[in-house]
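A.B. asks: Quick one: the structure is below, and I'll ask about it shortly.
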Amino acid sequence: MINVKPEVLQALENNPALVALLGGKRIYQIKAPDPEEFPRITFFELTNFDQDFADDTAISSEIHIQIDIWSKESTSPIALEVDKTMKSIGFQRNSSHDFYEDDTQVFHKAMRYSTIKEVG
């Protein structure tokens with residue numbers, strides 16, 4: 001198993017345009033500490049499984065990450081920067097869905113990415 005979460009966090013935090021759109025480094029794994037902080041990003045690993053084998057040993061992992069954008073306004077400018085960043089570290093976008101959370105009146109965009117990384 002390969003842990004790409006630190007790499008994803010670092011890449012997103014190192015994108016100055018993205019950080020400016022968020023109003024700071026508002027990027028969190030799984031859950032934000034302040035549910036009233038907008039805009040913000042949360043992300044988590046969907047799957048991480050052995051992909052290729054040599055001599056009965058895994059030599060690569062297929063990894064799927066979901067990135068969620070939460071905003072009181074359009075998520076589009078933030079999504080464009082997230083997409084650029086994820087592609088720059090070798091991920092490909094598999095899906096992107098727009099939602100509106102009626103109870104909190106928050107725009108929510110869920111973006112899913114995948115990659116294959118070699119072990120070692």
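Read in the working numbering, the sequence shown has 40 at position 40, and its numbers run on one by one without any break. Note that the Cβ used here is the ideal one computed from N, Cα and C, for glycine as well. Quantities reported herein were computed from a predicted structural model and do not represent experimental measurements.
1. Closest to Asn-15 by CA distance: which of His-97, Val-82, Thr-47 is it?
2. Kindly indicate which residue of Ser-88, Gln-66, Arg-40, Asp-56 has the alpha-carbon position closest to the one of Thr-47.
3. To the nearest angstrom, report how far apart Phe-91 and Ala-110 are at their CA atoms.
4. Quick one: give me the first and last residue of the beta strand (DSSP E) that Ser-71 is part of.
5. Tell me whether the beta-carbon of Thr-75 lies closer than 8 Å to the beta-carbon of Phe-38.
6. Around the Cβ of Asp-68, are there at least 16 other Cβ atoms within 10 angstroms (buried) or fewer (exposed)?
C.D. replies: In short, the structure shows the following:
1. Locating residue 15 in the sequence shown gives position 15, where the first residue counts as 1. The residue with the shortest Cα to Cα distance from Asn-15 is Val-82.
2. Your numbering for residue 47 matches position 47 in the sequence shown. Looking at the Cα atoms, Gln-66 is the closest of the given residues.
3. The count along the sequence shown starts at 1 and reaches residue 91 at position 91. The count along the sequence shown starts at 1 and reaches residue 110 at position 110. Distance between the alpha carbons of Phe-91 and Ala-110 is about 15 Å.
4. Counted from its first residue, the sequence shown places residue 71 at position 71. 60-71 is the extent of the beta strand (DSSP E) around Ser-71.
5. The sequence position of residue 75 within the sequence shown is 75, counting from 1. The sequence position of residue 38 within the sequence shown is 38, counting from 1. Not in contact: Thr-75 and Phe-38 (Cβ atoms no closer than 8 Å).
6. Sequence index remark: in the sequence shown, residue 68 carries index 68 (1-based). Buried is the call here.
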